[in-house]
Each structure stands twice: as C-alpha cells, then as structure tokens.
Amino acid sequence: MTTGKPYVIGIDMGGTNTVFGIVDARGVVIASNSIKTRKHNKIEDYIDELYNETMRLVESADAKDKIYGIGVGAPNANYFTGVIEDGVNLPWPTPIPFAQMLSDKFGIPVAITNDANAAAIGEMTYGVARGLKDFIMITLGTGVGSGIVINGQVVYGHDGFAGELGHVIVKRNNGRLCGCGRTGCLETYCSATGVARTAREYLEITDTPSLLREIPISEITSKDVYDAAMKGDKLAKEVFNYTGTILGEALADFTVFSAPEAFVLFGGLAKAGDLLLKPIKEALEKNMLSIWKGKVKVLLSELKEADAAVLGASALGWEAKPLTEAQA
Numbered sequence: 003m004t005t006g007k008p009y010v011i012g013i014d015m016g017g018t019n020t021v022f023g024i025v026d027a028r029g030v031v032i033a034s035n036s037i038k039t040r041k042h043n044k045i046e047d048y049i050d051e052l053y054n055e056t057m058r059l060v061e062s063a064d065a066k067d068k069i070y071g072i073g074v075g076a077p078n079a080n081y082f083t084g085v086i087e088d089g090v091n092l093p094w095p096t097p098i099p100f101a102q103m104l105s106d107k108f109g110i111p112v113a114i115t116n117d118a119n120a121a122a123i124g125e126m127t128y129g130v131a132r133g134l135k136d137f138i139m140i141t142l143g144t145g146v147g148s149g150i151v152i153n154g155q156v157v158y159g160h161d162g163f164a165g166e167l168g169h170v171i172v173k174r175n176n177g178r179l180c181g182c183g184r185t186g187c188l189e190t191y192c193s194a195t196g197v198a199r200t201a202r203e204y205l206e207i208t209d210t211p212s213l214l215r216e217i218p219i220s221e222i223t224s225k226d227v228y229d230a231a232m233k234g235d236k237l238a239k240e241v242f243n244y245t246g247t248i249l250g251e252a253l254a255d256f257t258v259f260s261a262p263e264a265f266v267l268f269g270g271l272a273k274a275g276d277l278l279l280k281p282i283k284e285a286l287e288k289n290m291l292s293i294w295k296g297k298v299k300v301l302l303s304e305l306k307e308a309d310a311a312v313l314g315a316s317a318l319g320w321e322a323k324p325l326t327e328a329q330a
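Position 256 of the sequence shown, counted from 1, bears residue number 258 in the numbering used here, the numbering being contiguous throughout.
In structure tokens form, the structure reads like this:
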C-alpha cells in the first residue's frame, strides 16, 4: 500500500445491479453508487458506463490520482486469471477478460473474485463473521452464490471456482431448468427469481385466494411475494416456507464437508427475515447429521445492502497488481 494513494475502488457486479464505491484503508466507504448490470447489450458499453460513473464519484470525492487499485466481485470470476468464465446471470457472451478490460480502461491494477467470495471477505473483515474462521456465506439475489471460508481463508480450489453451491442439484427428478444448463439447481428454487417462480407455480396449480392474484402472473417479483406474506397472505407464506425448507436441507448437506460454525445469509432475499429463517432453521436441524445438531448458526449479514461485497472487493484492491506481474 502506498501512502500517496489512500483509496481503492470496490465493485460488486450482481446479476441485476452493479454497486461500486471508494473505500479507504480502514474499510470506510467514502462514497458509492450503482448502475444496472443488464442495461447494455455489449460488455464494452457496460464498462464505458461503469468507468464514467465511477470517475464521476472519484472526482466528487476529490480522490483523483489517489486510487491504489480496483477490486471486483463478479459472477463466476476467476481469482487466478481475472476472467469471468461463465456468467450465467449476465447478458454478455463469456469468457470475458474482465480484469484486463477494466485495467486497460482505468489504467489501474485490478483484482477480481467471485461476487460471493467478495461478500464473504467483507463479512469476515467488517461484519457478523468477524472472529469466525470457518463459515459459509450464502448470497441470495438474482442467483444463489456462496463463499466458503476454512481456517480463515477463502477456498478457491485448484482452478479458482470452488464454492458454486448455488449449482448443487437439489431436485434430481423434474427439476427446474437453470441458466447454467442443468436442471434442479438450488439457485432455481432459493434465489429471488426462484421465489417468484414458485409463486407463479402455486398460483397456477392451486385455487388458494391470494393478494398475488391481483398482479399479472408474469410480473410477480419476490418483493411482491414478501409484501403479500407480511400482510398474512397464506399462499405467499407457503412460498417462503417451501423456499426456506429447500435451503435448510441444502445447508445441512453443506455442513458435512466443511463443518462451518455458521452460515451467513446476505442479499435482497435475506431481508425476508423470519419468513425465511424459521423454515431454514427447522429444516437444517431436522436434516443435520447428529454430530452437528445444535452447533451451526444461521446468521443474517449485519452490513448494509451491497456493502459486504463492495468492502470485500475493495480488500482485493489493495492486493491488485498489473496483470503481467500478477501472472508472471
């Protein structure tokens, strides 16, 4: 870290929104903003908008020429190569040499990792996972991501892609088609889009009265389901119970291979609180191997929306090196 450049930029690229911020060495987000991830058909146009909006933020914070590096959390981003290999929730053809493209555009070193790994780093450094050496971050957004931390280290595996728990198959027969090309993935049931999908199915196969029937079925979102559930809507509450049960069962399976002290839930869907937490915890304990019963906590992120991923990504910014040096 150089004293002459006291800031880094953290970028969290989600399937729906991209949040970016200027962060100082203490982990304080000086300023942040966002753009729509799927607005542009070409990755180059997306990078142009990201650059323009980020530099506007940099100038307003009087941080020009004070940025040490850029850290990015992005779907299916490879920490070792800087490439987004297979962005199933992104609108552009992959692979994308994203770190190189950003570095060329900004003229600053860039480091990149999976968006859920970035969130895990942020939560471990600044959030509810402080002091935990073994935990699994589960991000519940447009898709389902995960960051696995063992003995205080993010697990990348031999190729940089460890931790794609959203693509563990939870329904072997007649499972939902996933954007990854397989069927029955956890993501198709326990993401925000999965909740909306479940609601549509329930509305079609039952005649249960519901506030959701007042909305065109193709326009129903997870927020609509949450709002209805909070008003006591029976069908909407059943949707969350179904979602939470599937996720709790999956968490019981995930416990077997890394024995985490806790699962940390992050993302828009996690805001559903007890609507989701209650069935998750019940299913987790019901399906847990006996040696772990009562031992594994389910925690909600304490960080502001998107801050965990931005802060985690920014931590990578301090480690960023020019790609030629990093790959040497």
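The beta carbon of each residue, even a glycine, is placed where N, CA and C say it ideally should be.
Within 8 Å, strictly: CB atoms of residue i and residue j
i	j	result
Ala264	Leu301	yes
Phe137	Val25	no
Val74	Leu104	yes
Ile13	Ile72	yes
Tyr81	Gly165	no
Ala310	Gly133	no
Ala101	Ala315	no
Ala317	Thr127	yes
Tyr204	Glu240	yes
Pro95	Asn43	no
Ser212	Asp235	yes
Gly183	Arg174	no
Ala33	Ser62	yes
Pro111	Lys323	yes
Phe242	Ala230	no
Gly147	Gly168	yes
Leu1	Glu46	Outside the shown range of the chain, which is 3 to 330, sits residue 1, and nothing can be said about it.
Thr210	Leu237	yes
Identity of the residues DSSP links to residue i by a beta bridge
i	result
Gly331	Outside the shown range of the chain, which is 3 to 330, sits residue 331, and nothing can be said about it.
Cys187	Ile171
Ile86	Ala79 and Ile98
Lys273	Answer is none; Lys273 lacks a bridge partner.
Leu302	Leu267
Asn116	Ala76
Val227	Paired residues: none, contrary to the question.
Val146	Leu142
Coil, strand or helix - residue i by DSSP
i	result
Lys68	coil
Ser212	coil
Met139	strand
Ser220	helix
Asn243	helix
Leu313	helix
Val130	coil
Val151	strand
Val2	For the chain, the structure presents residues 3 to 330; residue 2 sits outside this window and is missing.
Val157	coil
Leu179	strand
6 Å CB neighbourhood of residue i in its chain, flanking five on each side removed
i	result
Tyr53	Lys107
Thr190	Arg178, Cys180 and Gly196
Ala65	Tyr9 and Ile24
Thr245	Cys192 and Val197
Thr223	Ala198
Asn153	Lys135
Gly270	Gly143 and Ala194
Tyr228	Ala274
Arg40	Pro93
Cβ-based burial, residue i [other Cβ within 10 Å; buried from 16]
i	result
Ile140	buried
Ile282	buried
Ile293	exposed
Asp117	buried
Ile219	exposed
Leu291	exposed
His160	exposed
Pro262	buried
Thr20	buried
Phe259	exposed
Ala254	buried
Gly89	buried
Glu216	exposed
Gly296	exposed
Pro97	exposed
Val312	buried
Ile207	exposed
Gly6	exposed
Glu221	exposed
Val298	buried
Val30	exposed
Proximal residues to residue i (C-beta, below 8 Å), its chain only, five neighbours per side dropped
i	result
Ala272	Leu142, Leu278, Leu302 and Ser303
Glu55	Phe22, Asn35 and Ile37
Ile248	Val172, Leu188, Tyr191, Cys192 and Ala285
Asn289	Gly250, Glu251, Ala254 and Asp255
Cut-off 7 Å between Cβ atoms - residues of its own chain near residue i, not counting five sequence neighbours on either side
i	result
Gly319	Val10, Ile11, Gly12, Tyr70, Gly71, Ile72, Gly73 and Ala113
Pro99	Gly84 and Val85
Asn91	Gly17, Pro77, Thr144, Gly145 and Gly181
Glu87	Asn78, Asn80, Thr96 and Pro97
Lys68	Lys7, Pro8 and Tyr9
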